[in-house]
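S.K.:
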């Protein structure tokens with residue numbers, strides 16, 4: 003005689019059994035896939051205004067988790083009523099509408115929270131709370147609706163098949179989570195690159211609406227199904243109509259090209275004419291910042307551009323030994339190749355540049371080759387590695403360099419944490435030839451900015467030698483120099499060894515009090531792999547910037 | 006009395022000798038500045054007695070050397086002693102604009118207008134006033150940006166201040182509804 007399971011729930015009466023189990027599981031999968039897809043795409047949706055920093059990710063994930071929790075409880079309540087499968091159908095349909103609305107809502111909200119005329123540091127001050135507010139306004143409703151789907155799916159399954167709640171729950175979770183996995187990889191590698199941001203939301207909305215429609219058809223409500231059938235194309239079409247974050251350009255600038263990469267929106271813009279023609283590479287909202295600059299002729303860009311300081315080490319080295327040589331330069335954070343172009347046009351006589359560069363975003367390299375005269379693939383004197391992190395480049399590079407430039411920024415103004423630690427700087431040092439230099443671009447308001455001593459001391463500790471910091475005139479930057487086994491130049495000494503010209507004028511400015519700072523070797527490095535209070539330092543820097551200027 | 010007269014005479018004679026030295030130092034300082042040697046110019050300026058000419062040189066050297074806070078301080082120090090110095094007022098204003106301080110720039114702009122009214126010859130006044138108007142427009146742009154930021158901050162605070170509690174309240178309501186349903 004077969005054993006019976008007294009703990010299992012009986013089957014529901016036939017008229018209450020709702021939709022087939024496979025359809026309920028498919029609906030749960032649609033919900034799971036959409037939650038993950040929306041979450042990943044959500045940060046990209048906010049990126050044009052708030053960037054894609056850890057703060058933004060935390061706010062989006064936090065709001066989605068809160069909404070899912072609310073949704074689970076809501077679903078638990080709804081599951082106690084009749085026809086859970088039909089309720090699930092309505093829920094998915096409503097979710098489709100909410101998801102389809104997201105691209106529309108974001109543009110309006112972003113423009114209201116981040117006005118176009120703000121500077122980069124003003125925007126940075128709004129990121130933390132602004133992105134939280136935007137996430138609450140945009141994602142609370144759709145994520146709550148999607149959260150409610152799970153309990154309804156479990157209830158539907160159990161009434162259909164009978165048995166244990168845990169069994170139904172396990173099956174629903176497995177379907178939903180597997181679909182979330184597909185959603186995660188599919189969104190990052192397929193939907194965002196090939197469908198774009200708006201297309202990704204449209205696809206999610208379509209999937210949800212289709213799931214809702216099928217459930218309503220199978221649960222017998224034809225009028226409801228008709229409404230769902232109407233919602234499906236409307237939600238998909240409505241999402242597609244959204245303009246994903248209109249591009250805002252500074253006055254006088256012209257858009258050359260715009261690309262959505264897996265990392266960010268990348269723009270090539272232009273201003274001026276003839277010899278005054280300048281091109282800039284910007285990412286996301288841009289504000290008043292840029293990632294790369296181009297002018298018709300290689301060489302120095304002039305006041306306000308920190309790249310010019312990257313030309314200094316060659317001249318300092320030439321003062322010690324003017325013999326012609328190959329000047330081997332590695333650039334971590336190559337962008338569109340501005341550093342190479344400046345050095346190429348402003349090096350001492352007889353110095354021939356060999357460049358190796360890493361740029362994590364292939365779209366930047368693509369635009370760089372089209373608009374910024376970045377070296378084409380296969381150029382043996384300018385080797386570009388795209389899709390490669392700067393720290394990895396250093397490990398892969400076999401050569402010793404005369405100059406390593408660290409110019410890698412995320413979200414326009416944030417230092418990648420792994421590129422400002424003592425361990426990283428020690429790796430840089432190992433890749434330098436004796437007498438070789440490192441030059442690091444640091445976004446800061448002046449040499450009293452709290453960020454500067456933290457990064458400078460970390461660099462000094464790794465090199466076990468002092469660091470020279472030069473404030474870049476008319477810019478929110480300083481360039482930090484360290485040297486392997488060689489003396490730094492005296493920033494107070496007259497640069498009489500240099501030919502009269504812009505670089506000598508630059509160093510004359512650097513002699514002034516407040517324009518230079520020598521950072522001594524500290525006992526311990528403030529920033530290390532595994533421990534580095536970078537975000538508090540960046541917030542302190544922003545607060546310092548707001549206090550500057552004064553009455 | 007005779008001793009006091011002797012002291013005064015010697016003092017006056019020494020002062021008279023200082024003027025050519027000061028003028029020479031000032032000329033040398035300006036020459037250094039014109040050659041882009043800012044530190045050299047400031048070192049020469051130390052040989053010039055305190056006053057408007059020295060402040061003007063220092064403000065100019067620091068401004069062209071892009072040390073705007075120090076340039077503004079030097080210009081204001083000169084203006085404190087000699088308010089009718091339009092060049093000093095201009096450098097203070099321009100430094101404030103570079104530093105992004107609208108309130109500071111407004112004060113400096115007012116000082117420039119006063120100095121121009123009092124000390125600039127009528128035939129040159131229009132050029133100075135045009136410059137003042139140009140910088141006035143830049144101040145207005147700074148102020149507008151400041152207001153935009155303030156409005157954005159208020160909107161963000163409102164959004165988070167309202168939606169945050171709403172989200173938590175929804176969670177609480179959903180929990181209550183879920184428990185109430187089970188109790189039935």
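Protein chains in written order, with my numbering: chain A, 3 to 553; chain B, 6 to 189.
Cβ coordinates follow ideal geometry from the N, Cα and C atoms, glycine included.
Keep in mind it's a predicted model, so treat the numbers as computed, not measured.
(1) Any chance you could list the beta strand (DSSP E) runs of at least 3 consecutive residues sitting entirely within the stretch 245-317 of chain A, in chain order?
(2) Using only alpha-carbon positions, find the residue among B:152, B:116 and B:124 that is nearest to residue 137 (chain B).
(3) Assess contact between the stretch 292-305 of chain A and the stretch 449-465 of chain A, defined as three or more Cβ pairs (one per stretch) separated by less than 8 Å. Is contact present?
(4) At what residue ranges does the stretch 17-69 of chain A contain a whole run of the alpha helix (DSSP H), taking only runs of 4 or more?
(5) Find the nearest neighbour of residue 165 (chain B) within the set A:539, A:138 and A:150, judged by alpha-carbon distance.
(6) Alpha carbon to alpha carbon, what distance is there between residue 79 (chain B) and residue 107 (chain B)?
(7) With a CB to CB cut of under 8 Å and the five nearest residues on each side skipped, what residues in its chain are close to residue 256 (chain A)?
(8) From the beta carbon of residue 70 (chain A), is the nearest beta carbon of chain B less than 7 Å away?
(9) Measuring CB atoms only, is the stretch 61-74 of chain A touching the stretch 189-208 of chain A, in the sense that at least three cross pairs come out at less than 8 Å?
(10) Tell me which residues share the same chain as residue 74 (chain A) and place their Cβ nearer than 8 Å to its Cβ, disregarding the 5 neighbours each side in the sequence.
(11) Chain B partners of residue 476 (chain A), CB-CB under 9 Å?
(12) Could you tell me which chain B residues have their CB closer than 7 Å to the CB of residue 124 (chain A), listed as they occur along the chain?
(13) Using a Cβ-Cβ cutoff of less than 7 Å, which residues in the same chain neighbour residue 378 (chain A) once the five nearest sequence positions on both sides are dropped?
(14) According to the Cβ coordinates, are residue 174 (chain A) and residue 21 (chain A) closer than 7 Å?
(15) Would residue 471 (chain A) and residue 458 (chain A) be called neighbours here (beta carbons separated by less than 7 Å)?
(16) Closer than 7 Å by beta-carbon distance: list the chain B residues that pair up with residue 499 (chain A), in chain order.
(17) Quick check on residue 174 (chain B): buried or exposed, where buried means 16 or more other Cβ atoms within 10 Å of its Cβ?
(18) Nearest CA to the CA of residue 503 (chain A): which residue from A:329, A:43, A:303 and A:55?
(19) Starting from the Cα of residue 549 (chain A), find the closest Cα among A:419, A:448, A:534 and A:535 and give me that residue.
(20) Check the Cβ-Cβ distances between residue 38 (chain B) and every residue of chain A, and say whether any is below 7 Å.
(21) Across which residues does DSSP place residue 356 (chain A) in a beta bridge pair?
(22) Measuring only between beta-carbons, confirm whether residue 142 (chain A) sits less than 7 Å from chain B.
(23) So residue 409 (chain A) and residue 265 (chain A) are supposed to be a Cβ contact under 8 Å. How far apart are they, rounded?
(24) Could you tell me the boundaries of the alpha helix (DSSP H) in which residue 485 (chain A) lies?
(25) For the stretch 168-188 of chain B, which residues have a beta carbon sitting closer than 7 Å to at least one beta carbon of chain D?
(26) Considering residue 345 (chain A), what are the terminal residues of the alpha helix (DSSP H) in which it resides?
(27) Just the Cα atoms here: how many angstroms apart are residue 103 (chain A) and residue 155 (chain B)?
(28) Which same chain residues end up closer than 8 Å to residue 42 (chain B) when comparing Cβ atoms and leaving out the 5 residues on each side of it in sequence?
(29) Which same chain residues, not among the five before or five after residue 402 (chain A), have their C-beta less than 6 Å away from its C-beta?
(30) Which residue comes first and which comes last in the alpha helix (DSSP H) that contains residue 435 (chain A)?
(31) Using a cut-off of 9 Å between C-beta atoms, extract the partners of residue 41 (chain B) located in chain A.
(32) Between A:276, A:416, A:318 and A:277, which lies nearest to residue 335 (chain A) when the distance is taken from Cα to Cα?
(33) Mind pulling the chain B residues with CB within less than 7 Å of residue 117 (chain A)?
(34) I need the boundaries of the alpha helix (DSSP H) containing residue 62 (chain B), first residue and last residue.
(35) Around the Cβ of residue 205 (chain A), are there at least 16 other Cβ atoms within 10 angstroms (buried) or fewer (exposed)?
(36) Shorter than 7 Å from the beta carbon of residue 125 (chain B) to some beta carbon of chain A?
M.R.: Judging by the given coordinates:
(1) 256-262, 267-273, 280-285 and 294-296
(2) B:116
(3) no
(4) 23-52
(5) A:138
(6) 19 Å
(7) 271, 272 and 273
(8) no
(9) no
(10) 149, 150, 152 and 153
(11) 71 and 103
(12) 154
(13) 371
(14) no
(15) yes
(16) Those do not exist, as residue 499 (chain A) stays about 15 Å from chain B at its closest Cβ, beyond 7 Å.
(17) exposed
(18) A:303
(19) A:448
(20) no
(21) A:330
(22) yes
(23) In fact, because the Cβ distance is near 16 Å, the residues do not count as touching under 8 Å.
(24) That residue, residue 485 (chain A), is in no alpha helix (DSSP H); its beta strand (DSSP E) goes 479-485.
(25) In the structure shown, chain D does not exist; the protein chains are A and B.
(26) 340-348
(27) 28 Å
(28) none
(29) 435
(30) Counting along the chain, residue 435 (chain A) falls outside any alpha helix (DSSP H), though it belongs to the beta strand (DSSP E) covering 434-445.
(31) 502, 506, 507, 510 and 511
(32) A:416
(33) 153 and 157
(34) 57-69
(35) buried
(36) no
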